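**Student:**
Numbering (our numbering), first residue to last: 8 to 70.
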């Protein structure tokens, strides 16, 4: 994210703008204290992108 311009660079993700718009939900899977970083990521993503985010412990994650 380039905060002064408000632009988000998607080229490193390999997503087109259309594909990014179609994301309906994000799941962050983490272990130990990285779950706290995942919760911060959840807050930021939901605020900026308005996409629902779940944070799950890897040991409890079911695919």
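Yeah, the Cβ is synthetic: ideal placement off N, Cα and C, and Gly gets one too.
These numbers were taken from a predicted model, which means no experiment stands behind them.
Within 10 angstroms of its Cβ, does residue 34 collect 16 or more other Cβ (buried), or is it exposed?
**Tutor:** Classification for residue 34: exposed.
**Student:** According to DSSP, residue 34 sits in a beta bridge with which residue or residues?
**Tutor:** Answer is 61, bridged to residue 34.
**Student:** Quick one: what's got a C-beta closer than 7 Å to residue 36's C-beta in the same chain, skipping five residues either side?
**Tutor:** Cβ within range, chain order: 63, 65, 68.
**Student:** Take residue 10 and list the residues in its own chain whose beta-carbon comes closer than 7 Å to its own, dropping the five residues that flank it on each side.
**Tutor:** Within the same chain, residue 10 has no close Cβ partners at all.
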